[in-house]
Amino acid sequence: MCHAKQQCTFWPHFHLCAEAHLPLNARRLIVLDTETTGLDPQRDEIVEIGAYEMCLEGDRKEGEQGENGVGGCNGAGDGRDGVSRLRVHQFTGVCFNSYLRPVVPMNPEAEKVHGLSEEFLRAAPPARTVLERFLAFIGDVENTPIVAHNAKFDIGMLNAALEKTGLCTLPLKAVLSPPAPSPSTLAVVGATHFCTCNAFRALFPNNVASLDACCDLLDVCRGLRQKRGTHGALLDAFCAGFVLAAMENLFVNLPQQPYVWPPEYTPSP
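Residue numbering for the sequence shown follows my numbering, beginning at 5 and increasing consecutively.
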């Protein structure tokens, strides 16, 4: 049972909480996570990127593909017609995942977290190759919001890597202090990234905001990471996407999405 509704400090009026910035009105977004050699963007490097495409429910046509082969959205109900539609984002089934070969030593503490050794990563492609593919996966870099748990860290690491390789960087136009939402203006326009950790803290200020804690309180992906034993970028991006959708579901007062295991993590019978 999900206890988030009872524990939310702002319920039933937390739609007035500007810090939460829900629901997001972007038709398409990318939820991502990174694993790194350490915590310093100037010294350390990314060793894994995992990302999923999500679209507003009903916005993605069956079998539709966007530019570069990624799933697209048809734009229905994006609010441009003046009609406010309260919907949540759903996974499209399109994802990106790749390891990257670092040129700096792996911090032993970081290796304990994700389990990726320097020996294992020697066979991975170089950073520039992976980053070029990842930018193609995002598509419209200027207008596709990036969602992550602790987004400042992940986007900071990505931009440091992009700068080192001479590629374009991701916009850092954060959602900071837009006007308080109202029934007719529920969109956050122009945001380029959204932090599920910050949103969770705004909604549940008395709770720990780790990804595991968010999943436990919102009753999504519970125990999924423990089944693997270590962090993984694709798995954590998947969990962050469900945390986003669960908070949106609370916001619009809809039933929780049915839980679906991603194919690569389907438990054995």
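All C-beta atoms in this analysis are idealised placements derived from N, C-alpha and C, irrespective of residue type, glycine included.
Remember, predicted model here, so these are calculated numbers, not experimental data.
Here L221 is near F208, since their CB atoms are less than 9 Å apart.
In the DSSP assignment, the residues bridged to L60 are H93. Ranked by how close their Cα comes to the Cα of T200, the residues P175, T173, E252, D223 have E252 in first place. Only exposed fits G170, as fewer than 16 other CB atoms lie within 10 angstroms of its CB.
Here T38 carries a strand assignment [DSSP, helix/strand/coil]. In this structure, DSSP gives P209 a state outside helix and strand, which the three-state scheme calls coil. If you draw a straight line from the Cα of L239 to the Cα of G54, it comes to about 8 Å. Non-local beta-carbon contacts of N101 in its own chain, meaning distances under 6 Å to residues more than five positions away in sequence, involve G54, L238 in chain order.
In the DSSP annotation of this structure, V107 is not part of any alpha helix (DSSP H), being labelled neither H nor E.
In this structure, V51 keeps its C-beta atom at 9 Å or more from the C-beta atom of V151.
Secondary structure at G245: helix, using DSSP grouped into helix, strand and coil. Distance between R126 and N210, taken at the CA atoms: about 43 Å. Secondary structure note for V134: it is in no beta strand (DSSP E), and the uninterrupted alpha helix (DSSP H) holding it is 131 to 142. A Cβ-Cβ contact shorter than 9 Å links D158 with D37.
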